[in-house]
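Chains as they are written, first to last, in the working numbering: chain A, 1 to 217; chain B, 1001 to 1217.
Step one of this worksheet: look at the structure below.
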DNA sequence: ACCTGAACACCGTTCAAGT
DNA sequence: ACCTGAACACCGTTCAAGT
């Protein structure tokens, strides 16, 4: 009855709780996440968690911030578009590894790491000298793209995985009767080999648009 | 004990339940939405709802679809960019009236009205003859913009309303110590008179980018 | 066919008691 | 200072009984 659970007997702390919660959400989805389940996973009583975390909401803020810690803010000082692209690509990959995060992102207050991340994006845009209005709009456009686009991508993937598996062609035929363009689009998704980098394409649309709209030409 | 509750004694049906639920979510937020609360509002037992709605998840799908019914799909056949802009502006206004919808949008399967809406967007892009890759990416870019941008806008509004009200300048000063660009950005939000149409600005960035990327030049 | 109260299996969190 | 079981006030939904 000793070494079956590896991390059970370390003392509890906030970091360990958040990491367990992130792992659980990655595996089972955030809707299955329960204080009782995390406690079970950590081998402690439910209420022990509350010695390190004020409540479930605050815990989710911390969980998102842990995931943000896996991203890389854009580099300051070089080519601002290249820095944005590189940072966005990393964030995109991180969010795909933690598919519950995009939906929580806007629902919760930002934690410190997310603040830092956002501040860096604003700094890069500011130093690109595009003018204050472009910085203001561009910031929203870029962050929205990173989170919103990935959110949509994940939603598509999940619907296609669960709904299409068994029905496949029959489902598509029914869909096509009423929604022909939608059926074509779903077919395009199915044919997509995953190498098309649609995410980067739309990001470039936005970045190029910002540059063109900016005063430096 | 007669006429105090207006709609109490009509027979229950799915439409009436969904409308009551939408009104409740508009007023109290979707996280406060409860089967028991809707039943109370309709003056019936909780379980009566289940004669018309299979469960809470399916009810939320129907609620989102009711809100989609307030939007206007883009017009087919004319100037595709103008049609997109007009339709997106309406959708933006509708989503601001029902601030819980953007967060639910990607979480749920689409209902029939949302299918129709999406199919129309795809049709307009298809008939603009931009090429299949642009249709594919453009569809995601546009829908993501409509929902994602508005979601972000709502989140900002709520954080600013609740968090800033009492603290205001002190909050901003603290924020500015660690996150100077973020503090500037929040100040820009506060100065924003609401007439700047940032939503339309970024949409144009995307639409113009799609046109430029398309083969018709 | 529609309605409904009681009951069940869960939640997050408070409280009081332990070390 | 940290831990914890019992209990509370909720959930969504099943079930069996009513009309």
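Glycine is no exception: its CB is placed at the ideal position from the N, C-alpha and C atoms.
Counted within 10 angstroms of its Cβ, other Cβ atoms place residue i as buried (16 or more) or exposed
i              : result
residue 84/A   : buried
residue 36/A   : exposed
residue 137/A  : buried
residue 160/A  : exposed
residue 173/A  : exposed
residue 21/A   : buried
residue 1046/B : exposed
residue 120/A  : buried
residue 32/A   : exposed
residue 190/A  : exposed
residue 28/A   : exposed
residue 1123/B : buried
residue 1023/B : exposed
residue 93/A   : exposed
residue 1087/B : buried
residue 76/A   : exposed
Check: residue i C-beta below 7 Å from any heavy atom of the ligand COA
i              : result
residue 1182/B : Ligands are entirely absent from the displayed structure, and the ligand COA is therefore not among its contents.
Span separating the alpha-carbon of residue i from that of residue j
i              : j              : result
residue 187/A  : residue 133/A  : 40 Å
residue 1149/B : residue 11/A   : 43 Å
residue 1176/B : residue 1184/B : 8 Å
residue 1080/B : residue 1214/B : 13 Å
residue 59/A   : residue 53/A   : 6 Å
residue 1049/B : residue 1082/B : 43 Å
residue 1105/B : residue 1062/B : 11 Å
residue 1096/B : residue 43/A   : 44 Å
residue 30/A   : residue 51/A   : 22 Å
residue 1078/B : residue 34/A   : 52 Å
residue 1202/B : residue 1158/B : 22 Å
residue 143/A  : residue 1107/B : 19 Å
residue 91/A   : residue 72/A   : 7 Å
residue 129/A  : residue 1171/B : 27 Å
residue 64/A   : residue 178/A  : 39 Å
residue 109/A  : residue 1057/B : 25 Å
residue 1193/B : residue 1204/B : 21 Å
residue 1127/B : residue 1089/B : 21 Å
residue 1026/B : residue 1038/B : 13 Å
residue 196/A  : residue 1135/B : 14 Å
residue 1131/B : residue 200/A  : 18 Å
residue 181/A  : residue 1074/B : 14 Å
residue 1112/B : residue 1146/B : 19 Å
residue 41/A   : residue 1015/B : 43 Å
residue 19/A   : residue 1125/B : 44 Å
residue 1141/B : residue 1198/B : 16 Å
residue 55/A   : residue 13/A   : 14 Å
residue 169/A  : residue 139/A  : 41 Å
Collapsed DSSP secondary structure at residue i in the structure displayed
i              : result
residue 106/A  : coil
residue 1005/B : At residue 1005/B the pLDDT is 39, less than 50, meaning the model places this residue with poor confidence; the figure from the coordinates comes in the next sentence. Correct three-state label for residue 1005/B: coil.
residue 76/A   : coil
residue 150/A  : helix
residue 1040/B : helix
residue 143/A  : helix
residue 98/A   : coil
residue 1050/B : helix
residue 196/A  : coil
residue 1130/B : coil
residue 1180/B : helix
residue 119/A  : helix
residue 1112/B : helix
residue 31/A   : helix
residue 69/A   : coil
residue 1138/B : helix
residue 170/A  : helix
residue 1012/B : coil
residue 209/A  : helix
residue 1062/B : helix
Would you call the stretch 1090-1103 of chain B in contact with the stretch 1141-1159 of chain B, where contact means no fewer than 3 C-beta pairs closer than 8 Å?
yes
Validate contact between the stretch 113-121 of chain A and the stretch 67-75 of chain A using beta carbons, cut 8 Å, 3 pairs:
yes
Are three or more beta carbon pairs between the stretch 1203-1212 of chain B and the stretch 199-208 of chain A nearer than 8 Å?
yes
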